[in-house]
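J.: Chains C and H, in that order, give the protein sequences. For the first sequence, the numbering used here assigns the number 1 to the initial residue and increments by one for each residue that follows. For the second sequence, the numbering used here assigns the number 248 to the initial residue and increments by one for each residue that follows. Dropping the structure in here first, questions after.
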Amino acid sequence: MNAWHNVWTITKRELGAYFTAPLAYVFIVIFLLLCGFFTFFVGGFFERQEASLVRPFFDWHPWFYLFLVPAVGMRLWAEERRVGTIELLLTMPITAWQAIVGKFLASWLFLALALALTFPVVLTVNYLGDPDNGVILTAYIGSWLMAGAYLAISCITSALTRSQVVSFIISLVVCLFLILAGFPPVINVLEQVAPRLVDLVTSFSVMTHFEGFQKGVLDSRDLLFFLSVIGFSLFTTSVILRTHRAG
Amino acid sequence: MIKVQNLAKLFGTKRAVDDVSFSVNRGEVLGFLGPNGAGKSTTMRVITGFLPPSAGSVTVGGFDVVEHAIQARRLIGYLPENAPAYTDMTVLGFLNFAAEIRGLRGEARKQAVGRAVEMCFLESVLHQSVETLSKGYRHRTCFAQSIIHDPDVLVLDEPTDGLDPNQKHEVRQLIRRMGEKKAIIFSTHILEEVDAACTRAIIIDRGKIVANGTPQELRQKSEWAGAVTLRVRNVAAGTVSTRLYQVPQVKRVTVVEDKDGHVTVRAFPRSGANGALVAAVGEAAREWQIEQLQAEEGRLDEVFRSITMPDTAKEAA
Ligand SMILES: Nc1ncnc2c1ncn2[C@@H]1O[C@H](COP(=O)(O)OP(=O)(O)OP(=O)(O)O)[C@@H](O)[C@H]1O
Ligand SMILES: [Mg+2]
């Protein structure tokens, strides 16, 4: 299992890199503050007389991730190219795939940590009532998968440029598109303009596929959607890295 | 160990490396010289597998760097140009990472890191962040990374760039010593390093190899090889040069200095007259008061200039 050892070595390094920079802590704090604020104040958690987390908490995740995931993923390759360490990394006895997966995994684990730190919200709702924790768990899984899809897209944009800022902006725009494709107001407009496209467009949206998880349903199609976005994006990243070097 | 065959690398339509072939065996240290933009770094990037070749092939230890990239890379230690290193790590963390990704674990890793730290004099900065290192120390850190797995092949792109004179000396010694058991290729703009560390040197210009030989052989290409410098007193410069032109082996005479009655001239030999010139010039100058009579060795900088800038080299001499 030499391959996984290589991947894990890269992952460890990347994770370490997150925590030596203040960005990681800033990210986690912002994420937790946003979660708390939106869930309890904007989301009307207390007004609803039901002990459910799903709407007030998870509904916001696609929007939080829109800003936060590109911020986490932007440095992955852009920084490596700017500093020139990519020349070290890609001349080590590892495949480009191992490097790509290792880096992706590190960021994804980092997002998992941020997500896990929202556990007080779960405790609160359990304290106040008697929610269906199975649904909450499924929604967490869906949320993490959705974050992975955003992140994989950020990998592409990060590989495209030396500038982290450019990477951030492009991936934000792409992810915004993935949200809006399933955002009710947009769908309403679309239904009037081109009703036959509605199904096609919404099938590309993270919203559509996150919906199932929020209901506590683990649909293999939703799972497949997120995993294929991740797989396809990482593959595209490898193609981009290769074309850079081909000159 | 390294075998480069008809290598070409194109960037768009620009030929950065154009039909380059050479090989480096174990026990050899190859110096890679050439003006800025000649294609040195590009060639090294292809050898280390960072850039794919546009044409031709490179094998390292018998492994093709494209077909069997991983096996080939295992054998190579690489110091890229400008010595990049992960700025968010400490020196120790970085070296541990480099060792681990080279497959060294546990005790073996500890030993490898310790050895590299010792060879590159990094003890004092072990726990410092790479970001805050001075340029020279960052260079040494990256150099340490390249030798951490005691590779058979070393590819070093300007290994002494940014080092202080003591460290330059150390690194040259190190390269020379390691070169006895490894195949090393390193690029440099410092011509003394060719003498100090290389068994062979290649000069590359605009992507093509223009000279390839031992430092001694390269020096022989110099106009200076076998030239004679003569300094006399109380003789007119014109007289000296007229007399020297009468010496059959002399091809050309230049007046180096003419001041306060001291005249310094340099006589260049016709081809094939090497060695005999000192005696002949000494004979011609018999009646004068000779202050200095000296045979010159070929000069690498002059060879370098005349090969890479044939038009202007003459004036400079
Ligand atoms: N990625 C690239 N894209 C386009 N052109 C490139 C690229 N990398 C190098 N070149 C060009 O290839 C040529 C050779 O560059 P290279 O870096 O190999 O030179 P060098 O011999 O290492 O020079 P120096 O002494 O300045 O380090 C240069 O003209 C350079 O502009
Ligand atoms: Mg160079």
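A virtual CB, placed ideally from N, CA and C, is assigned to each residue, including glycine.
1) Any heavy atom of ligand 1 inside 7 Å of the beta-carbon of H/Lys-566?
2) Starting from H/Pro-516 and walking both ways along the beta strand (DSSP E), at which residues does that stretch end?
3) With a threshold of 8 Å between beta-carbons, can H/Gly-303 be considered close to chain C, or not?
4) CA-CA distance, C/His-61 and C/Ala-246?
5) Under three-state DSSP, which class holds H/Ala-458?
6) Hey, out of H/Thr-489, H/Leu-380 and H/Glu-534, whose CA is closest to H/Arg-513's CA?
7) Return the first residue and the last residue of the alpha helix (DSSP H) that H/Ala-391 is part of.
8) For C/Thr-95, go through chain H and note every residue whose CB falls closer than 9 Å to its CB, in chain order.
9) Assign H/Ala-563 to buried or exposed, taking buried as 16 or more other Cβ atoms, counted over all protein chains shown, within 10 Å of its Cβ.
10) Along the chain, which unbroken stretches of the beta strand (DSSP E) at least 3 residues long are found entirely within the region 253-297 of chain H?
11) In the region 401-436 of chain H, which residue ranges form an unbroken beta strand (DSSP E) of at least 3 residues, counting only runs that do not cross its ends?
12) Check whether the region 439-452 of chain H and the region 273-286 of chain H are in contact - that is, three or more C-beta pairs closer than 8 Å.
13) Give, in chain order, every residue of the region 349-370 of chain H whose Cβ lies closer than 9 Å to some Cβ of chain C.
14) For my contact list, H/Leu-351 and H/His-396 are in at a C-beta cut-off of 8 Å; report their separation, rounded to the angstrom.
15) Assuming C/Ala-96 and C/Leu-241 are in contact, meaning their beta carbons sit under 8 Å apart, how far apart are those beta carbons, in whole angstroms?
16) Out of H/Lys-428, H/Pro-495, H/Arg-423 and H/Ile-450, point me to the one whose CA is closest to H/Ser-434's CA.
17) Whole-angstrom Cβ separation of H/Gly-383 and H/Asp-411, contact assumed at under 8 Å?
18) Considering only heavy atoms of ligand 2, list every residue whose Cβ is less than 7 Å from one of them, following chain order.
19) Taking only three categories from DSSP, how would you classify H/Ala-330?
20) Helix, strand or coil: how does DSSP classify H/Asp-311 here?
21) Please name the residue or residues paired with H/Ile-537 in a DSSP beta bridge.
22) Against chain H, which members of the region 81-95 of chain C pass a CB distance test of less than 9 Å?
23) For H/Arg-480 versus H/Ala-472, is the C-beta distance shorter than 8 Å?
24) Using Cβ-Cβ distances below 7 Å, what residues of the region 116-145 of chain C are close to chain H?
25) Using 10 angstroms around the beta-carbon of H/Arg-321, count the other beta-carbons present and answer buried if the total reaches 16, otherwise exposed.
26) Rounded to the nearest angstrom, how far is the Cβ of H/Val-528 from that of H/Leu-547, given a contact under 8 Å?
27) Quick one, which of H/Gln-420, H/Ile-432 and H/Glu-417 has its alpha-carbon nearest H/Asp-399's?
28) I'd like the list of long-range same chain contacts for H/Arg-419, defined as Cβ closer than 8 Å, with 5 residues on each side in sequence excluded.
29) Is the beta carbon of H/Val-360 less than 8 Å from the beta carbon of H/Leu-380?
30) Would you please state the rounded distance, in angstroms, between the beta carbons of H/Val-497 and H/Val-510? I believe it to be under 8 Å.
31) Which residues does DSSP list as the beta-bridge partners of H/Glu-504?
32) Counting only the same chain and skipping the five closest in sequence on each side, list residues whose C-beta sits under 7 Å from that of C/Ala-181.
33) Between which two residues does the alpha helix (DSSP H) carrying H/Ile-449 extend?
34) How about H/Val-264: is its C-beta nearer than 8 Å to some C-beta of chain C?
35) Would you say H/Thr-295 lies against chain C (beta-carbon separation less than 8 Å)?
36) Spatial neighbours of C/Val-121 within its chain, please: CB distance less than 8 Å, with the 5 preceding and 5 following residues excluded, ordered by chain position.
T.: Looking at the atomic coordinates:
1) Coverage of chain H is limited to positions 248 through 564, which leaves residue 566 of chain H absent and any answer about it impossible.
2) Following the DSSP letters along the chain, one finds H/Pro-516 inside the beta strand (DSSP E) bounded by residues 509-516.
3) Taking a beta-carbon distance threshold of 8 Å, H/Gly-303 does not count as an interface residue toward chain C.
4) For C/His-61 and C/Ala-246, the distance between alpha carbons rounds to 39 Å.
5) Assigned with DSSP and collapsed to three states, H/Ala-458 falls in strand.
6) Nearest of H/Thr-489, H/Leu-380 and H/Glu-534 to H/Arg-513, Cα basis: H/Thr-489.
7) Where H/Ala-391 is concerned, the enclosing alpha helix (DSSP H) starts and stops at 382-394.
8) Correct list: Ala-316 and Ile-317.
9) Residue confidence is low: H/Ala-563 scores 47 on pLDDT, short of 50, so the model does not pin down where it sits. Its coordinate-derived value is still stated next. The residue in question, H/Ala-563, is exposed, as its Cβ has fewer than 16 Cβ neighbours within 10 Å.
10) Runs of the beta strand (DSSP E) spanning 3 or more residues and lying entirely within the region 253-297 of chain H occur at 261-271 and 276-280, in chain order.
11) If we require 3 residues or more, the beta strand (DSSP E) runs fully inside the region 401-436 of chain H come out as 430-434.
12) The region 439-452 of chain H is in contact with the region 273-286 of chain H.
13) Result list: Arg-349, Gly-350 and Arg-352.
14) Between the beta-carbon of H/Leu-351 and that of H/His-396 there is about 6 Å, and that keeps the pair under the 8 Å contact cut.
15) In this structure C/Ala-96 is in contact with C/Leu-241, their Cβ atoms being roughly 6 Å apart against a cut-off of 8 Å.
16) Checked all of H/Lys-428, H/Pro-495, H/Arg-423 and H/Ile-450; the closest Cα to H/Ser-434 is H/Ile-450.
17) H/Gly-383 to H/Asp-411, Cβ: 6 Å. Contact.
18) My final list is H/Lys-287, H/Ser-288, H/Glu-328, H/Asp-404, H/Glu-405 and H/Ser-434.
19) Looking at H/Ala-330 - three-state DSSP - the assignment turns out to be coil, as it is neither helix nor strand.
20) In the structure shown, H/Asp-311 falls within a strand segment according to DSSP collapsed to helix, strand and coil.
21) Beta-bridge partners of H/Ile-537 (DSSP): H/Val-479.
22) Answer in chain order: Val-83, Gly-84, Thr-85, Ile-86, Glu-87, Leu-88, Leu-89, Leu-90, Thr-91, Met-92, Pro-93, Ile-94 and Thr-95.
23) Cβ atoms of H/Arg-480 and H/Ala-472: not closer than 8 Å.
24) Listed in sequence order: no entries.
25) Buried is the call here.
26) Their Cβ separation, rounded to whole angstroms, is 24 Å, which puts H/Val-528 and H/Leu-547 out of contact at 8 Å.
27) Comparing Cα-Cα distances from H/Asp-399 to each of H/Gln-420, H/Ile-432 and H/Glu-417, the minimum goes to H/Ile-432.
28) If you ignore the 5 residues before and after H/Arg-419, its C-beta comes within less than 8 Å of the C-beta of Thr-407, Glu-440, Ala-443 and Ala-444, all in its own chain and listed in chain order.
29) The Cβ atoms of H/Val-360 and H/Leu-380 lie no closer than 8 Å to each other.
30) The beta carbons of H/Val-497 and H/Val-510 sit about 16 Å from each other, so the pair does not count as a contact at 8 Å.
31) H/Glu-504 pairs with H/Thr-511.
32) Leaving aside the five residues that flank C/Ala-181 on each side, the residues in its chain whose CB is nearer than 7 Å to its CB run, in chain order, Val-201, Thr-202, Phe-204 and Ser-205.
33) Where H/Ile-449 is concerned, there is no enclosing alpha helix (DSSP H), although the beta strand (DSSP E) it sits in stretches over 447-452.
34) Not an interface residue.
35) Under the Cβ criterion of 8 Å, H/Thr-295 is counted among the residues facing chain C.
36) Result list for C/Val-121: Cys-35, Gly-36, Thr-39, Leu-53 and Phe-57, in chain order.
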